[in-house]
Amino acid sequence: MADIVEELRALCRAEQGAAGDAAGTIEGDARWRAAAEIEALRQGASASWQPIATAPKDEGPLLLFCPGLAGNAAREVVVGTWRFDANRRSLGYWVSDVGVLDPGFAETGPWIEYSELHPTQWARLPAPPARD
440 MADIVEELRA
450 LCRAEQGAAG
460 DAAGTIEGDA
470 RWRAAAEIEA
480 LRQGASASWQ
490 PIATAPKDEG
500 PLLLFCPGLA
510 GNAAREVVVG
520 TWRFDANRRS
530 LGYWVSDVGV
540 LDPGFAETGP
550 WIEYSELHPT
560 QWARLPAPPA
570 RD
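Structural data, given as structure tokens:
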């Protein structure tokens with residue numbers, strides 16, 4: 440069975456021929472655009488998890504994969520963010536919304552430090568659903 444992207448592009452080329460490629464009209468064909476969208480979705484799905492060393496530390500919440508994490512974590516994935524605190528650690532640390540709030544760190548609000556939070560990979564949060 441041929442790949443759907445290849446099939447869609449082959450149909451466009453068969454109908455429009457070299458003239459469509461040369462004129463640039465082939466890119467306007469719905470089948471060609473669908474093939475491009477499928478490729479973009481495939482790339483996004485395969486490239487979503489990245490090494491933690493590449494995680495942005497100034498963009499707010501991210502998905503964090505934390506192997507061995509116990510408690511209220513779904514499949515070892517939590518929503519977390521990088522926290523910098525010059526009084527406690529010079530390099531900062533990852534925090535999340537799972538675990539038990541330590542009264543000594545109450546100033547952090549709903550985001551708490553979790554001793555087992557050692558992420559190895561990260562991904563961006565998906566876009567929220569459209570509002571009706």
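Per my numbering, the sequence shown starts with residue 440, numbered consecutively. Where is the CB? At the ideal position from N, CA and C, for every residue including glycine.
Are the beta-carbon atoms of Leu564 and Val518 separated by less than 8 Å? As a first step, residue 564 is located in the sequence shown; it is residue number 125 there, counting from the start. As a first step, residue 518 is located in the sequence shown; it is residue number 79 there, counting from the start. Cβ distance < 8 Å, so Leu564 and Val518 count as in contact.
Would you call the CB atoms of Val516 and Ile477 closer than 8 Å? Numbered from its first residue, the sequence shown carries residue 516 at position 77. Numbered from its first residue, the sequence shown carries residue 477 at position 38. No, the pair does not count as a contact, with Cβ atoms beyond the cut-off.
On a Cα-Cα basis, can you pick out the residue from Ala457, Pro490, Trp521, Gly467 that is closest to Gly499? In the sequence shown, residue 499 corresponds to position 60, counting from 1. Closest by alpha carbon: Trp521.
To the nearest angstrom, how far is it from the Cα of Asp468 to the Cα of Ala457? Sequence index remark: in the sequence shown, residue 468 carries index 29 (1-based). Sequence index remark: in the sequence shown, residue 457 carries index 18 (1-based). Their backbone Cα atoms lie some 14 Å apart in a straight line.
Beta strand (DSSP E) segments (min. 3 residues) lying fully within the stretch 451–476: none
In the DSSP assignment, what residue or residues form a beta bridge with Ala562? Numbered from 1 along the sequence shown, position 123 holds the residue referred to as residue 562. DSSP output for Ala562 lists Leu502 as bridge partner(s).
Can you tell me whether DSSP reads Arg522 as helix, strand or coil? What you label residue 522 is simply residue 83 of the sequence shown in a count that begins at 1. If DSSP states are grouped into helix, strand and coil, Arg522 belongs with the strands.
In whole angstroms, what separates the C-alpha of Ala453 from that of His557? In the sequence shown, the residue the question calls residue 453 occupies position 14. In the sequence shown, the residue the question calls residue 557 occupies position 118. Approximately 53 Å between the Cα atoms of the pair.
By Cβ distance below 8 Å, which residues in the same chain neighbour Thr559 in space, the five residues on each side in sequence not counted? In the sequence shown, residue 559 corresponds to position 120, counting from 1. So the list reads Pro490, Ile491, Phe504, Cys505, Pro506, once near-sequence residues are dropped.
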